[in-house]
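S.K.:
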Amino acid sequence: MGAQKKRAAAAAAAARVSEDPDDLARQPLQAILLADSFTTKFRPITLERPKVLLPLVNVPMINYTLAWLEAAGVAEVFVFCCAHSKQVIDYLENSEWFSQPNFTVKTIESHNIISAGDALRLIYEQNVIHGDFVLISGDTVSNMSLTQALQEHKERKKKDNNAVMTMIIKKSKPSPITRQSRLGTDELFMAIDPNTKQLLYYEDKADHSKGTICLDKMLLAENPSISLHNDKQDCYIDICSPEVLSLFTDNFDYQHLRRHFVKGLLLDDIMGYKIFTHEIHSSYAARIDNYRSYDIVSKDIIQRWTYPYVPDVKFCGNRATKLERRGICFTAFNSEIEQSRSAQVGSFTVIGYGTKIGSNSKISDSVIGEGCTIGSNVLIEGSYIWDNVIIEDGCELRHVIVCDGVIMKAGAVLKPGVVLSFKVVIGERFVVPAYSKVSLLQQPTVHDSDEELEYADNSSGTVEFSSIQGTADQSNGEMTSESSEAHKPKLGTGGVGYIWSICEGGQEEEWRHSVAPIPEDKLTELSEAMDDDQELVTQDRTALSTSGELISDSNASEGDDNEDSKDDSVYFEKEVEATFLRAVEENVKVDHVILEVNSLRLSYNMTSADCAGAVFYSMMKLAIKTPHSSAIGLLTLYPSPFSMVASNAYPIYLSGELQQNTANIITTWQKLLKSYLLEIDEEIEIILKFEEMCLESAKEFSPLFARILHILYDKDILQEDAILRWADEKEGADESDKVFVRQSEKFIQWLREASEEED
Amino acid sequence: MDFQVVVLAGGTSKKLVPLVSKEVPKALLPVANRPVLSYVLEQLELSNIKDLIVVVEGADAALCVGGWISAAYVDRLHVEVATVPEDVGTAGALRAIAHHLTAKDVLVVSGDLVSDVPPGAVTAAHRRHDAVVTAMICSVPVSGLSEAGSSGAKDKTKKPGRYNIIGMDPTKQFLLHIATGAELEKDTRIRKSILRAVGQMDIRADLMDAHMYAFNRSVLQEVLDQKDKFQSLKQDVLPYLVRSQLKSEILINGAPQGQQAKENGNDKVSYRILANASTPSFHELYALGPNGSAPVRRTHKCCVYIASNSKYCVRLNSIQAFMDINRDVIGEANHLSGYNFSAQNNIIHPSAELGSKTTVGPHCMLGEGSQMGDKCSVKRSVIGRHCRIGSNVKVVNSVVMNHVTIGDGCSIQGSVICSNAQLQERVALKDCQVGLGYVVSAGCEYKGESLARKEK
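Going down the list, the sequences are from chains R and U.
Just add 655 to wherever you are in the first sequence, counting from 1, and you've got this note's numbering.
Just add 1 to wherever you are in the second sequence, counting from 1, and you've got this note's numbering.
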């Protein structure tokens, strides 16, 4: 019976195996499209409109992504909407996407999601993904063919069940000067196995202070050959196996696709999941991550790198525009443009329907939306002007983004990098300073650099928006008065809107992600900085190797290690001190402090002797700080208070005060200290620490050494064994090391006699 | 030819005790009955390099090596033998003979390299890029060191046979990173600055530095002068040059610091005009100012020449390597030995005498005037000159040097018997080394031991 059952099971298994390949082939390809980037890079625009609906060469971004997914053979797309979900869903419902044959678009809506990780967990719960799927965000433009990457992914998956993801990458060398790619994203370091294309290392958000990449030695032991890349760009198109979703569910702390998920998988060697890469060479793929990439991708689209998703081909809902050849460049025109005879429209420019351009206006390298009115003598260069914008005579716009419904009064000037959000009005002859962001909405005041909060902020934007949208429409006048009162930087006479102060990332970083090209002086400055950098690095290394004795290599590297561990202990000490001081200030219970110090100890991997030392150190520090003024005065009076002369001259009342303080603190916190004094070694550690302090950081104690030692003994913190052993250890030390043993000689003597008597 | 050649023949390497001794320095250890140094010299001769300096550590060793060279190459090569004190290291040895070096470039070859890679190829690669240093890189020997294997068994995570971690640019012409020795045991740290400059770096752990370098002479001398702590070319000088290549601290051709950049600039410009067909290397691109103006940074190039997999390239730097090389030179890589192999794929000197029913298998060598008794069997082994081997002796996977006496009924496996040693009857050796003139008494059995006379 049992055997029969087993055979049946085996047969079933065999059937499953034989079915499997067919299954894979039959399974229609699914895709998850995240219609929210969970970042705030496009603020203030994204406070009012979701990023995926922002027009990219007059077509909402999501259309590029959906059109590509359809062309790439995806059968079913789940559009995950979060911020402004209503707008996204409304848009999709009114578009043709819901009525395509062989291509289903379904929306999943959620409001309390703050990261891509949460989104994927939610999708997992809904149980709609059945096979391999494409994970993409709705701001991706691509024309690559998925066939090969998909096939590679499936073949790998068949051989190795742990190959859960294939990342699409593309060659793009970041500038060594600005350390960012053409698309304005941070430079990316990847290690890839050149044979299997497995991803072995991934570092974005590079820590510039670290001049080296650290490859684990195991990595090289397992892979004799590794390619380290700085010249690749992550396209943020991933082909995933269904396991990816369950991985997100298992690791509930994964938020970010790259920073948490990819790095998590690479670091985790228990489960052994693997990520592979697929490099595309001739086709296009890029994600619009910031204003710079918005600019670059727009230009790529106009220059037809993204064919067939270009302005003159109708690919979805957009009206195909007519191309005119100007010299060797293209300019897309629509027939219904009213253009004055004297207006000059330069190359690489797209102008939407119903736009009027006045006389003597010059437009080049720009995208202008539908229904705009541009006056005369206007200069527009490298700018993105969306729909229904009114630009009066004599305005100048260079490298800016201007959203729907903006009105620029005559003579207004936008400096490079400016972003005008919806319906802002710029007053007459007003000059908007470079890189400023102007919006009708006030800048959210609560800002925290913490990323989770950044996400949270964004989703709260939905709520904010829905409440404000109505008012913004009706009450322009109100807003004007409000803004002029509330905010100092007005937008000129008749201007409406707030200039956001730049706080996130700081002004210095603003130029990195702006639409404006990087200014020349910035580049020189940076390249000089790079020189210094390099200098530092070589100096470092050469100093190490020349100072190293004979076998410079091993010595130098050992030195490195020591430094590392030293660093750690210094940090640990600081943290403990901070914890302790906070505990003192806030009157935290001793047990809680013990808990906190314990957690620090675990995270820094320290011994309890280290803890004892650190706690003791912070207690003594506190003791010094309490009689603050007097101690300082003393220091200046007696520059080397640890000499015997100084200690003799030490005013009695002061030393008494310090001693009293110390005694009080020790009494209060003895429980904390004692919890780390498990063995005699830790007690000795404390004495040694105290000695070190007396010599270096807290010389005030040196005359009191013996007395405090006595206090510690009285309070049962130190046992006599510890003190005696310390004294014994010091027996053979240098004279200079024995200052304190001498000082406490009497006490030690007394201890010795006492113990003998006991015997 | 504007290349000077320095052969670092070493002295009496401690690693090779008991094979080496005062009378037989490392350079004269026999590989297929020829001193190992002859393999290097022959390759150099084939590349038409006839002037060379052989550097030997220790006066005694120098005397032996010098004597042998003058006898063997009397009218073929012009060799100077220089003596340096022992334990000065490779860099120290070059420092000691620096005043002999005059040519624009210097080729430094280790005297223990058994290889058929033409040195000319390395010098050509060096010249092509006007490099500061060019290192020859070869793949890690396939046979693998059994020593490394045994240590690998202890530490299973470590694969045996890792000698270097080498980072190269994708065209495999430039050396961007090299880690040796103790660094291998740690995590590899790659500098981002160089990665930014080059874009892609291929890191290989399956290659090793073969210790054949072409140096720019003035650079080499400058580095040796300034960094007087540098002891080894492989562990100090080469890594130093590699890691400072984008921020060169050396003065090419000794020009003073200020002018150097300028001159360099002019050079580069004219160079580019002359050679505008070839794309500039990343060094030149990196050196350029922000607007592609004249170079503002000083760089130098470190190149590699990768010996192809079909070439043989092993260094004799351990006992295991000694056995491997001996086996390979009469086996797979027998074109190196310079002998003609018989139909049985072995070499038996006409003057050697074999007893009845004695068999000498393929991949074996029997030197001049050696005698073997009856019913002996020799497999994959080298037997030197004038050995006297009794009857019923088995020699497998071993090297027997000259004038060795082996008694009846001995069995020798995987062992090395040095010259003048004597094995009495029925000795059984497995994985042993028997030193010069040592006598193994009758009936002894040893396994994995090193037998040598006490040094007086």
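Note that CB positions come from ideal geometry on N, CA and C, so glycine has one too.
For the region 871-900 of chain R, which residues have a CB atom closer than 9 Å to at least one CB atom of chain U, in sequence order?
M.R.: So the list reads D871, K872, M873, L874, L875, A876, E877, N878, P879, S880, I881, S882, L883, H884, N885, D886, K887, given in the order they occur along the chain.
S.K.: With which residues is U:N217 paired in a DSSP beta bridge?
M.R.: BP columns for U:N217 point to U:D106.
S.K.: In whole angstroms, what separates the C-alpha of R:D1048 from that of R:I1018?
M.R.: If you take the alpha carbons of R:D1048 and R:I1018, they lie about 14 Å apart.
S.K.: Starting from R:C1349, trace the alpha helix (DSSP H) in both directions and tell me its first and last residue.
M.R.: 1335-1350 is the span of the alpha helix (DSSP H), which, as asked, contains R:C1349.
S.K.: Can you tell me whether R:M926 is buried or exposed? The criterion is at least 16 other CB atoms within 10 Å of its CB, across all chains shown.
M.R.: The residue in question, R:M926, is exposed, as its Cβ has fewer than 16 Cβ neighbours within 10 Å.
S.K.: Find the nearest neighbour of R:Q755 within the set R:S765, R:L724, R:V783, R:E764, judged by alpha-carbon distance.
M.R.: Minimum Cα distance to R:Q755 is reached at R:L724.
S.K.: Mark R:A1409 as exposed unless 16 or more other C-beta atoms lie within 10 angstroms of its C-beta, in which case mark it buried.
M.R.: By the 10 Å Cβ count, R:A1409 comes out exposed.
S.K.: Identify, in the order they occur along the chain, each residue of the same chain with its Cβ nearer than 6 Å to the Cβ of R:G786, setting aside the five sequence neighbours on each side.
M.R.: If we look at R:G786 and ignore the five residues flanking it on each side, its Cβ neighbours are Q682.
S.K.: What residues from the region 1059-1072 of chain R come within 9 Å of chain U, judged by C-beta to C-beta, listed N to C?
M.R.: Answer in chain order: no residues at all.
S.K.: Does R:E731 pass the burial test, meaning 16 or more other C-beta atoms within 10 Å, or should it be called exposed?
M.R.: R:E731 is buried by the Cβ-count criterion.
S.K.: Alpha helix (DSSP H) containing R:A941: first to last residue?
M.R.: It is not in any alpha helix (DSSP H) - R:A941 instead sits in the beta strand (DSSP E) that spans 940-942.
S.K.: Taking Cβ to Cβ, would you say R:A1065 is nearer than 8 Å to R:E1083?
M.R.: Yes. Within cutoff.
S.K.: Considering only the alpha carbon of each residue, which of R:K1329, R:D923, R:E1230, R:I1040 lies closest to R:D950?
M.R.: With distances taken between Cα atoms, R:D950 lies closest to R:I1040.
S.K.: Report the residue ranges of all beta strand (DSSP E) runs contained in full by the region 879-923 of chain R; include only those spanning at least 3 residues, in chain order.
M.R.: Here the runs fully enclosed are 880-884, 887-895.
S.K.: Is the distance from the Cβ of U:L176 to the Cβ of U:V305 below 8 Å?
M.R.: A contact, by the Cβ cut-off of 8 Å.
S.K.: Under 8 Å between the Cβ atoms of R:G1030 and R:V1044?
M.R.: In this structure, R:V1044 does not lie closer than 8 Å to R:G1030 by Cβ.
S.K.: Using Cβ-Cβ distances below 9 Å, what residues of the region 813-847 of chain R are close to chain U?
M.R.: So the close ones are K826, K828, P829, S830, P831, I832, R834, E842, F844, A846.
S.K.: With contact counted as at least three CB pairs below 8 Å, one residue from each stretch, are the region 371-388 of chain U and the region 27-34 of chain U in contact?
M.R.: In short, these stretches touch, since the Cβ pair count reaches three.
S.K.: Please go through the same chain and pick out, in chain order, the residues whose beta-carbon is closer than 6 Å to the beta-carbon of R:S997, but skip the five residues on each side of it.
M.R.: Excluding residues within five positions, the ones whose Cβ falls inside 6 Å are S1014, N1015.
S.K.: Report the CB separation of R:Y1153 from R:V1074 in whole angstroms; it is logged as a contact under 8 Å.
M.R.: About 13 Å separates the two Cβ atoms, so there is no contact after all.
S.K.: Is it buried or exposed for U:A443, if we count other Cβ within 10 angstroms and need 16 for buried?
M.R.: Flag for U:A443 reads exposed.
S.K.: In terms of residue numbering, what span does the alpha helix (DSSP H) encompassing U:D375 cover?
M.R.: Neither: U:D375 is in no alpha helix (DSSP H) and is coded neither H nor E.
S.K.: When the cut-off is 8 Å and only beta carbons count, does U:G12 lie next to chain R?
M.R.: Not an interface residue.
S.K.: For U:K302, count neighbouring C-beta atoms within 10 Å of its own C-beta (all shown protein chains included) and say buried if the count is 16 or more, exposed if not.
M.R.: Buried, because 16 or more other Cβ atoms sit within 10 Å of the Cβ of U:K302.
S.K.: Is U:D188 close to chain R, meaning its C-beta is less than 8 Å from at least one C-beta of that chain?
M.R.: Judged by the 8 Å Cβ criterion, U:D188 is in contact with chain R.
S.K.: Between the region 49-62 of chain U and the region 88-95 of chain U, do three or more beta carbon pairs fall short of 8 Å?
M.R.: Taking 8 Å as the limit for Cβ pairs, the verdict is that the region 88-95 of chain U does touch the region 49-62 of chain U.
S.K.: Could you run through the region 69-94 of chain U and flag, in chain order, every residue whose CB is less than 7 Å away from some CB of chain R?
M.R.: Within the region 69-94 of chain U, no residue has a Cβ that lies closer than 7 Å to any Cβ of chain R.
S.K.: Mind checking whether U:G90 and U:G11 have CB atoms under 8 Å apart?
M.R.: No, Cβ-Cβ distance for U:G90 and U:G11 is not below 8 Å.
S.K.: Tell me the rounded alpha-carbon separation between R:K1441 and R:T1028.
M.R.: A question about residue 1441 of chain R goes unanswered here, because the residues of chain R that appear run from 656 up to 1414.
S.K.: Spatial neighbours of R:A1067 within its chain, please: CB distance less than 6 Å, with the 5 preceding and 5 following residues excluded, ordered by chain position.
M.R.: Contacts found: C1050, I1081, F1085.
S.K.: Pick helix, strand or coil for U:K461, following the three-state DSSP scheme.
M.R.: Because chain U in this structure spans residues 2 to 457, residue 461 of chain U falls outside the shown range and cannot be described.
S.K.: For the ligand PLP, I want to know if U:K105 counts as a neighbour, meaning its beta carbon is within less than 7 Å of at least one of the ligand's heavy atoms.
M.R.: The ligand PLP is not part of this structure, which contains no ligands at all.
S.K.: Which chain R residues sit within Cβ distance under 7 Å of U:I390?
M.R.: The premise fails here: U:I390 is roughly 43 Å from chain R at the closest Cβ pair, so nothing lies under 7 Å.
S.K.: Between which residues of its own chain and R:A1278 is the CB-CB distance below 7 Å, once the five residues before and five after are set aside?
M.R.: L1313, N1316, T1317, I1320.
S.K.: Please confirm whether R:G866 has its beta-carbon closer than 8 Å to some beta-carbon of chain U.
M.R.: Output row for R:G866: interface = yes.
S.K.: Name the residue from R:M1063, R:G1072, R:V1087 whose alpha carbon lies nearest to the alpha carbon of R:K1078.
M.R.: R:K1078 has its Cα closest to that of R:M1063, out of R:M1063, R:G1072, R:V1087.
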